[in-house]
């Protein structure tokens, strides 16, 4: 997979060259390993923000944390938190975990950790998350990574409410190692052939349980232990955050977008050619901002963007950056379909001046059908359509299900579908972020697909979804 660090690529090649099959385990720690940071801090921060932490509980937490740093029991702080959950609804807490995953935790999953998990899955290894955290922290991350097995601390629930106790010990230190060994016995996993990844000194026993341990982004003490024990150390990059410099460049990019629109429309007025003015406005309003923000594109099969026009261009959707990227690719004579609520979005107003989006009222089916009928006529008249078949931005690179709307339009208008796979946009501009970071957007234009009809539409959509997944999983080498 391109775009990974040299060390990560070497680790993946070793996995691919090593033993295959479910008798080989791959055990990943959660906090600091799969994700950058600590999920417990995210949960606690949400409770603080919601004023759900009493002064007494806050004081106990601070005192316990300080005691742990000074050599006391580092698991006591977790038990303070578990005790505070007594009487809380398990269902509500699980819902909180899902909400925090979408809004915060999803953006902290390391891209190269995801690639490691995928490499083990391709090798048909038995992959598990092994962590002292609870399933409410782990399950959304594991599901997003396609990991079935969890080895974690289990909380006691009675009548749908937490009791404040745990089933057995918290899986920290030697107890995590014991949990992994028990899992291996139950699932027929050969630990001598297996892999484990952890980041803290408390993971020494856990890592020692397998034949292929890796200290991943290790703390100082684990790094020293890995050096003594001859274990490999793998330092992965964290998801990009928004710096002050990036924020300044983003502001400049927004200003350039507005200037590009004005310049293009002015050109059209001078030439008395509104269409050329709009096309120039699109080109300037996408290329100038991306250049100022330090965003470039590495495009494979660019020629396929022009062999079939008009067409319906479908792409995966992770970020607000997706639209300007596609705009820069398509350059001219296209529009988009958007929900009517986006009409007054300040980020969309400028763009709506030059591409005249078709706004859909999803609450009024008759109105929506009439709008789409107008879209079909515009496509037949020569205007291409940009659309995201997932319907909404994904919180992570995992592809969501495709809706059928774009493909129905292709069948009705008699035009091809051109699939455009985007990679890295979610890393350069996170789902909820207003800051655009510099970097490279990888683009792969797949083979255009023609002759859409209702008879085999579901099967063809499923096959196209698989092509997107395969491209994202193993990026083509140019």
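In UniProt numbering, the protein residues as written are 1 to 478. Beta carbons are placed, not taken as given, at the ideal position from N, Cα and C, and that holds for glycine.
1) Any contact of the stretch 101 to 115 with the stretch 14 to 23, i.e. 3+ C-beta pairs under 8 Å?
2) Are the stretch 161 to 169 and the stretch 188 to 206 touching by the rule of at least three beta carbon pairs closer than 8 Å?
3) Quick one: grab the DSSP three-state call for residue 331.
4) Go to residue 158, then tell me how far its beta strand (DSSP E) extends in each direction, as first and last residue.
5) Let me confirm a value: residue 306 is counted as buried when at least 16 other C-beta atoms fall within 10 Å, else exposed. Which label applies?
6) Per DSSP, which one or two residues make a beta bridge with residue 136?
7) Is it true that the CB of residue 175 sits closer than 8 Å to the CB of residue 25?
8) At 3 residues or longer, and completely inside the stretch 174 to 249: list those beta strand (DSSP E) runs for me, N to C.
9) The alpha helix (DSSP H) that contains residue 367, what's its start and end?
10) Taking three-plus beta-carbon pairs below 8 Å as touching, is the stretch 192 to 211 in contact with the stretch 35 to 42?
11) Should residue 278 be labelled buried (16 or more other beta-carbon atoms within 10 Å of its own) or exposed?
12) Starting from the C-beta of residue 35, find all residues in its chain whose C-beta is less than 6 Å away, skip the five residues before and the five after it, and write them out in chain order.
13) Looking at the structure shown, is residue 161 part of a helix, part of a strand, or coil, going by DSSP?
14) Evaluate residue 268 with the Cβ neighbour count: other Cβ atoms within 10 Å of its Cβ, from every protein chain shown; 16 or more gives buried, anything less gives exposed.
15) Determine the burial state of residue 399: buried for a count of at least 16 other Cβ atoms within 10 Å of its Cβ, exposed for fewer.
16) With a 10 Å radius around its C-beta and 16 neighbouring C-beta atoms as the bar for buried, classify residue 141 as buried or exposed.
17) For residue 167, which beta-bridge partners are listed by DSSP?
18) Going by alpha carbons, who is nearest to residue 79 out of 163, 37, 5, 430?
19) Is the stretch 383 to 396 in contact with the stretch 286 to 297, if contact means three or more CB pairs nearer than 8 Å?
20) Starting from the Cα of residue 363, find the closest Cα among 382, 378, 160, 339 and give me that residue.
21) Could you tell me which residues DSSP puts in a beta bridge with residue 297?
22) Provide the residue(s) that pair with residue 360 in DSSP beta bridges, ordered along the chain.
23) Compare the beta carbon distance of residue 425 and residue 300 with 8 Å and say whether it is the shorter of the two.
24) Which word fits residue 356, buried or exposed, when buried means at least 16 other C-beta atoms lie within 10 angstroms of its C-beta?
25) Using a threshold of 8 Å, state whether the C-beta atoms of residue 133 and residue 265 are closer than that.
26) Report all residues from its chain with a CB closer than 6 Å to the CB of residue 87; omit the five preceding and five following residues, and keep chain order.
27) Do the stretch 212 to 220 and the stretch 191 to 202 make contact, defined as three or more Cβ pairs closer than 8 Å?
28) Which class does residue 90 belong to by DSSP, given the choice of helix, strand or coil?
29) Where does residue 130 sit, in a helix, a strand or coil, going by DSSP?
30) Rounded to whole angstroms, what is the Cα-Cα separation between residue 21 and residue 117?
31) DSSP puts residue 385 in a beta bridge; with which residues?
32) Among the candidates 49, 401, 119, whose CA atom is the shortest distance from the CA of residue 8?
33) Counting along the chain, where does the alpha helix (DSSP H) carrying residue 118 start and finish?
34) Excluding the five sequence neighbours on either side, which residues of its own chain have a C-beta within less than 6 Å of the C-beta of residue 145, listed in chain order?
35) Using CA atoms only, rank isn't needed, just tell me which of 335, 273, 130, 155 is closest to residue 282.
36) Would you give the residue range spanned by the alpha helix (DSSP H) that residue 399 belongs to?
Answer, in terms of the structure:
1) no
2) no
3) On the chain shown, residue 331 is found 331 positions in, with the first residue counted as 1. Coil at residue 331, not helix or strand.
4) The residue given as residue 158 occupies position 158 in the chain shown. Segment 149 to 158, the beta strand (DSSP E) holding residue 158.
5) Taking the chain shown and counting its residues from 1, the one referred to as residue 306 is at position 306. So residue 306 ends up on the exposed side.
6) Start at 1 with the first residue of the chain shown, and residue 136 comes out as number 136. Answer is none; residue 136 lacks a bridge partner.
7) Position 25 of the chain shown, counted from the start, is the residue given in the question as residue 25. Position 175 of the chain shown, counted from the start, is the residue given in the question as residue 175. Contact flag unset, no.
8) 195 to 198, 212 to 216
9) Numbered from its first residue, the chain shown carries residue 367 at position 367. Segment 365 to 380, the alpha helix (DSSP H) holding residue 367.
10) no
11) Along the chain shown, read from residue 1 onward, the residue named residue 278 stands at position 278. Residue 278 should be labelled buried.
12) Counted from its first residue, the chain shown places residue 35 at position 35. So the qualifying residues of the chain are 108, 109.
13) Within the chain shown, the letter at position 161 stands for residue 161. Residue 161: strand per DSSP, three-state reduction.
14) Mapped onto the chain shown, residue 268 falls at position 268. Residue 268 comes out buried.
15) The residue given as residue 399 occupies position 399 in the chain shown. Looking at its Cβ environment, which holds 16 or more other Cβ atoms inside 10 Å, residue 399 is buried.
16) Reading the chain shown from its first residue, position 141 is the one you call residue 141. When all chains shown are included, residue 141 counts as buried.
17) Along the chain shown, one-based indexing puts residue 167 at 167. For residue 167, which the question treats as bridged, DSSP gives the partners 154.
18) Stepping through the chain shown from its first residue, residue 79 is reached at position 79. The shortest C-alpha separation from residue 79 is found at 163.
19) no
20) The count along the chain shown starts at 1 and reaches residue 363 at position 363. For the residues 382, 378, 160, 339, the minimum Cα distance to residue 363 belongs to 339.
21) Position 297 of the chain shown, counted from the start, is the residue given in the question as residue 297. Residue 297 pairs with 441.
22) Taking the chain shown and counting its residues from 1, one reaches residue 360 at position 360. 339.
23) Start at 1 with the first residue of the chain shown, and residue 425 comes out as number 425. Start at 1 with the first residue of the chain shown, and residue 300 comes out as number 300. No. Outside cutoff.
24) One-based indexing of the chain shown puts residue 356 at position 356. Exposed, since its Cβ has fewer than 16 Cβ neighbours within 10 Å.
25) As a working mapping, residue 133 is identified with position 133 in the chain shown. As a working mapping, residue 265 is identified with position 265 in the chain shown. For residue 133 and residue 265, no; Cβs fall outside 8 Å.
26) Mapped onto the chain shown, residue 87 falls at position 87. Correct list, in chain order: 161.
27) yes
28) Counting from one through the chain shown, the residue named residue 90 turns up at place 90. Correct three-state label for residue 90: helix.
29) Indexing the chain shown from 1 puts residue 130 at position 130. In the structure shown, residue 130 sits in a strand (DSSP, three-state: E or B).
30) Counting from one through the chain shown, the residue named residue 21 turns up at place 21. Counting from one through the chain shown, the residue named residue 117 turns up at place 117. Each residue's alpha carbon lies about 14 Å from the other.
31) By 1-based counting over the chain shown, the position of residue 385 is 385. DSSP output for residue 385 lists 312, 335 as bridge partner(s).
32) Start at 1 with the first residue of the chain shown, and residue 8 comes out as number 8. Ranking the options by Cα distance to residue 8, first place goes to 119.
33) In the chain shown, the residue the question calls residue 118 occupies position 118. Counting along the chain, the alpha helix (DSSP H) containing residue 118 begins and ends at 111 to 122.
34) The residue you call residue 145 lines up with position 145 of the chain shown. Counting only Cβ-Cβ distances below 6 Å, and skipping sequence neighbours, we find 117.
35) Here residue 282 refers to the residue found at position 282 when the chain shown is read from its first residue. It is 335 whose Cα lies nearest to the Cα of residue 282.
36) Translated into positions along the chain shown, residue 399 becomes position 399. Where residue 399 is concerned, there is no enclosing alpha helix (DSSP H), given that its DSSP letter is neither H nor E.
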